[in-house]
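Which chain is which? The protein sequence lines are D and Z, in order.
What the first sequence shows, in our numbering, is residues 33 to 430, in sequence order.
What the second sequence shows, in our numbering, is residues 33 to 430, in sequence order.
A virtual CB, placed ideally from N, CA and C, is assigned to each residue, including glycine.
These figures come from a predicted structure and were not determined experimentally.
See structure below.
Number of protein chains: 2
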Amino acid sequence: MLTISQRGHLMPASPIRKLVPFAEAAKKKGIKVYHLNIGQPDIETPKMVLDAVRNSDFSILEYSHSAGNESYRKKLVQYYESVGIQVDYNQIIVTTGGSEAILFGFMTCLDVGDEVIIPEPFYANYNGFAVEAGVHVVPITSRIETGFALPPIEDFEKAITPRTKAIVICNPNNPTGYSYTRSEMEQLKELIKKHNLYLFSDEAYREFTYDEKQVSAMHLQGVDENVIIMDTISKRYSACGGRIGAFVTKNKAVLDATMKFAQARLSPPSFAQIAAEAAVDLPADYFNTTKEEYRSRRDLIVQRLNAMQGVYCPNPGGAFYAMAKLPIDDSDKFCQWLLESFEYNGATLMLAPATGFYGTPGLGMQEVRLAYVLNLTAIDAAMNCLEQALKVYPGKTN
Amino acid sequence: MLTISQRGHLMPASPIRKLVPFAEAAKKKGIKVYHLNIGQPDIETPKMVLDAVRNSDFSILEYSHSAGNESYRKKLVQYYESVGIQVDYNQIIVTTGGSEAILFGFMTCLDVGDEVIIPEPFYANYNGFAVEAGVHVVPITSRIETGFALPPIEDFEKAITPRTKAIVICNPNNPTGYSYTRSEMEQLKELIKKHNLYLFSDEAYREFTYDEKQVSAMHLQGVDENVIIMDTISKRYSACGGRIGAFVTKNKAVLDATMKFAQARLSPPSFAQIAAEAAVDLPADYFNTTKEEYRSRRDLIVQRLNAMQGVYCPNPGGAFYAMAKLPIDDSDKFCQWLLESFEYNGATLMLAPATGFYGTPGLGMQEVRLAYVLNLTAIDAAMNCLEQALKVYPGKTN
């Protein structure tokens, strides 16, 4: 009999996607759906970035170098320099989105059966890449009561086994918006030194911090061999569809092995490398404008959420996500109910149930993730819907 | 200690790339190098395909659907119809190059430790994707004496074990240029039915056949559940850098599982999907012009090769590769020598040693692959170099 592989079965379905049919049904009924469920920013891609592609004049759409165009990697050196990271261009492998950088890290550094520790809640697709690489994810719980700060180092220590090879952090964090402090990063540094672990640092949201500047894993001294940055232009320049990321490390053995994976798939996309290279030359105030927009949205959504009875939303320091604890029985049921059975002034909202972001079963049942990727007016309207919904939801707990 | 994974060690380095430093050194000495080593066509990407991207007017470079834009998949249905393949748009998952389609197939259909049978010589990167998926490649030798026709079915039968899950073919073939006949495809059909195997059919070069039309695996009757096509626009429209391919099957369970892998990496590149969609509307004579160009090149290169003493080159029916047997001791040494120690009229040529395309150690030592991706004048000049080289190469065997 033709069979599907174990990993084909194990591979998790997207936790958000299962709600899509309900959103589509709501729209068919004429209900407006505010999408706070996904990380697709509504911010326009900078015109000069798109124009770089539109004004290109090559006549053959050729493979690029497997590590990405040399000219782009050299530009990236300037970019990293601007955020306090010193790397050489041959320490950068341009990847097909941040996704591929994560997969490459797992493939290169971990064997089938090895373990990777990830503070939960975490970006759900780490699970998928772990399944592809045959790697076990060991979650360490961070808690909404502490604003999702780094869990105590003792929790990591307890979870480390002889098969532990790496720790993954996302900083600032998706889904919590938490931005790790210098002190937390230093604690992680001591931990990876002590146990000889890799630190995979997903820094997709590097620029989007609202209180303190992001502390990159590459700002840590003395752990050059341990640190790998998984990067992407997706959120930075609102260029998600480009599928351009980067795998950055000073570990030569890791680079050499990863280059073989990069060569097998030939090259990252050529069009979007042109866009990404142009993006490095954006004016210095580009992020300021974008950040101010996100900050206003954060301030509004956090204020509105905390003003609702029984709701708690810690103030996220970065990214464009907020996690809120709601007075509900089950976040999956609630998010489905919002789409299936609720409307307020002809509208409802779509949220991401937090259960999909936890590795520990049963956690996140009262939490939802809100991506503030809509403008202030839309966020306000969506919060009106949520406020009303919490008053009438049959499974409310207060 | 920080370690590299077993697959990081096992992952093969590109068999061609190891010659690159020698080519670069030759160029630094002022020697012109004719590159017959790689599958990067010199044919221009059709202007209307590039213009579709250049004239696009979206303002946010968004994620596409994880299976690719619905509009593109619907266009692809028309394209497949034009080559005698009936599929529904939801039986197509747009991938990041043909590379990703191959990886998805291995990941979805084979478990770690399972076996896949591939007629050798074969596209070297199949090895890489097999390593990533933890799958064993079992090669079955096709021979230059038969023009690299399908090996006898008994050879497949002998190689099948309880762990055999799939057969991979590339049709027309890279590196041999061989185009499987209807009769060979029917034999494969009986084999996969008898043993319940998947047939992964890499049809990257579908349009490039010079004698008979290509027989697609999807032209076979009664094996809808077994067949998966791995496709790509790279060679078809000279659009290698777009990184757009397709995973096509009527097997619902395979599609559902593969969609989970597709969702984990979010989406294929957005820019190049626009290009690929436009390409479906190219005028019907587009392939005729391109094919005639490749056919003239094939005719010239095959004629020139067979006119050289001790050289044998079977006439390839498709793709843009020819495999030649040369009177030499070791193809790796010879290809390096061409770059390092030889020149004729200020020029030399770069070839791909065939050893990298065989899974069985020791095979291909007298064979090289020539990609006829240069114009007729350049091919002629390159053949002049080769003819001269074979007269003076210290390791010649006749």
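Your pair residue 392(Z) and residue 171(Z) checks out as a contact, with CB atoms roughly 5 Å apart and the cut at 8 Å. Comparing alpha-carbon positions, the option among 306(Z), 35(Z), 220(Z), 142(Z) lying closest to residue 35(D) turns out to be 142(Z). When DSSP states are grouped into helix, strand and coil, residue 354(Z) belongs to the strand group. Of the residues 154(D), 144(D), 173(D), 86(D), the one whose Cα lies closest to the Cα of residue 385(D) is 154(D). For residue 195(D), no Cβ of chain Z is located within less than 7 Å of the residue's own Cβ.
Contact fails between the segment 79-92 of chain Z and the segment 284-292 of chain Z, because fewer than three Cβ pairs, one in each stretch, are under 8 Å apart. Beta-carbon to beta-carbon, residue 210(Z) and residue 181(Z) are separated by about 7 Å, close enough to satisfy the 8 Å threshold. Residue 66(D) is outside the set of residues whose beta carbon lies under 7 Å from a beta carbon in chain Z.
Between residue 207(Z) and residue 401(Z) the beta-carbon gap is near 4 Å, inside 8 Å, which marks them as a contact. If you check the CB distance, residue 40(Z) and residue 140(D) come in under 7 Å.
Residue 301(D) reaches chain Z at 128, 273, 274, 275, 301, 303, 304, counting residues in chain order whose Cβ is nearer than 8 Å. Between residue 204(D) and residue 183(D), the C-beta spacing is not below 7 Å.
Under a 10 Å Cβ-count criterion, residue 53(Z) is classified as exposed, with fewer than 16 other Cβ atoms of the shown protein chains found around its own Cβ.
Following the DSSP letters along the chain, one finds residue 217(D) inside the alpha helix (DSSP H) bounded by residues 214-227. Looking at the backbone, the Cα of residue 57(Z) and that of residue 334(Z) are separated by about 29 Å. DSSP lists 202(D), 262(D) as the bridge partner or partners of residue 234(D).
Beta-bridge partners assigned by DSSP to residue 210(Z): none are found. The residue among 355(D), 366(D), 186(D), 427(D) with its C-alpha nearest the C-alpha of residue 178(D) is 355(D). It is roughly 18 Å from the alpha-carbon of residue 42(D) to the alpha-carbon of residue 131(D).
Neighbourhood of residue 292(D) in chain Z, by CB distance below 8 Å: 40, 43, 44, 45, 46, 160, in chain order. Think of a sphere of 7 Å around the beta carbon of residue 103(D): no beta carbon from chain Z falls inside it, the nearest being about 14 Å out. As a beta-bridge residue in DSSP terms, residue 279(Z) pairs with 125(Z), 262(Z).
Counting the other CB atoms within 10 Å of its CB gives residue 214(D) a total below 16, which places it among the exposed residues. No Cβ of chain D is located within less than 7 Å of the beta carbon of residue 325(Z).
The DSSP assignment places 379-382 as complete runs of the beta strand (DSSP E) inside the segment 362-395 of chain D, in order along the chain (cut-off: 3 residues).
Within the DSSP secondary-structure output, residue 403(D) pairs in a beta bridge with 353(D).
Taking a beta-carbon distance threshold of 7 Å, residue 410(Z) does not count as an interface residue toward chain D. Residue pairing for residue 315(D): DSSP places it in no beta bridge. Put simply, the CB of residue 214(Z) is far from chain D, with every gap to its CB atoms at 7 Å or more.
Between residue 224(D) and residue 255(D), the beta carbon gap of about 6 Å places them in contact (Cβ cut-off 8 Å). Residue 76(D) belongs to the set of residues whose beta carbon lies under 7 Å from a beta carbon in chain Z.
Exposed is the label assigned to residue 194(Z), since fewer than 16 other Cβ atoms lie within 10 Å of its Cβ.
At a cut-off of 7 Å between C-beta atoms, residue 83(D) does not count as an interface residue with respect to chain Z. With a cutoff of 7 Å on beta-carbon distance, residue 162(Z) and residue 240(Z) are scored as not near each other.
Listed along the chain, the chain Z residues whose CB falls inside 8 Å of the CB of residue 56(D) amount to none; the nearest CB is some 13 Å away. Between residue 123(D) and chain Z, the shortest Cβ-Cβ separation is not below 7 Å.
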